Structures are given as C-alpha cells and as structure tokens.
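Reading through the structure tokens given below for one structure.
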Amino acid sequence: MDYRQLFRQMGLISRQAMLKMNQQARSCGLDNNLFLLLTRIVENEGLSQSRLAEMVQIDKTTLSRSLGKLEERGLIVKKPTLKTRSSRNSIPAAKRSNFMIS
C-alpha cells in the first residue's frame, strides 16, 4: 500500500468517526463541541479547565462558556480545587455509565 492509499483510508476512517460522533451528539441534544467536551470530562473525571483546554485545543474563554452550558443542563458540576478556589475541576453530574458511548 502506498502513502496515497494509506491517507485515503485514514481520511475515510476519520469521516466515518466524525459522522458517528455527530449522530451521537444530536441524540443527546448537544452540538459537536459540547459533546466532545463532555466526552473528555467523562473519560478524565476531575480534569482541570486548563488541562481540558489543552486537550481540545480551544482558548479558556470559549471553554468556560461551553462548560457553563453543560453545567446549566445539569451534565457536569464544576468544583473548586483544594489548591486554589479560583481553579475548577469538571466532574460528570451523573454516573459514568449514563454517558457511555455505544
């Protein structure tokens, strides 16, 4: 298999994965970005906002607004860290099993 074929296959897999994620996001009533954030939070419970911003490569202001939307919907709880009260960790509001993706 040459590189062009490999890259075509990788592109196909990427598109299929994106379509599946979009379907799951819609079924949860979320847009793709909120769904991605919720997925990362469930996978990494207690994740700091700074670390989450690095993982999904968005700025902290946008992240803060998005986390506010998830918190308003009751999907996450933002709790102050023990070190500083201004720093917050995001925790799923329900058990992990409620957010498992099939």
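Each residue of the sequence shown is one higher than the one before, counting from 8 in this note's numbering. We put the beta carbon where it would ideally sit given N, CA and C, even for glycine. Values in this document were obtained by computation on a predicted structure and should not be read as measured data.
Beta-carbon separation (whole angstroms), residue i vs residue j, contact threshold 8 Å
i: Leu41; j: Lys76; result: 6 Å
i: Leu37; j: Arg47; result: Actually they do not touch by this definition, with Cβ atoms about 13 Å apart.
i: Gln56; j: Leu82; result: The Cβ separation is near 15 Å, so there is no contact.
i: Glu78; j: Lys85; result: 6 Å
i: Pro99; j: Val49; result: 5 Å
i: Asn29; j: Asn39; result: 6 Å
Helix, strand or coil at residue i according to DSSP, with G and I counted as helix
i: Ile83; result: strand
i: Leu89; result: coil
i: Ile65; result: coil
i: Gly18; result: helix
i: Leu26; result: helix
i: Leu44; result: helix
i: Leu37; result: coil
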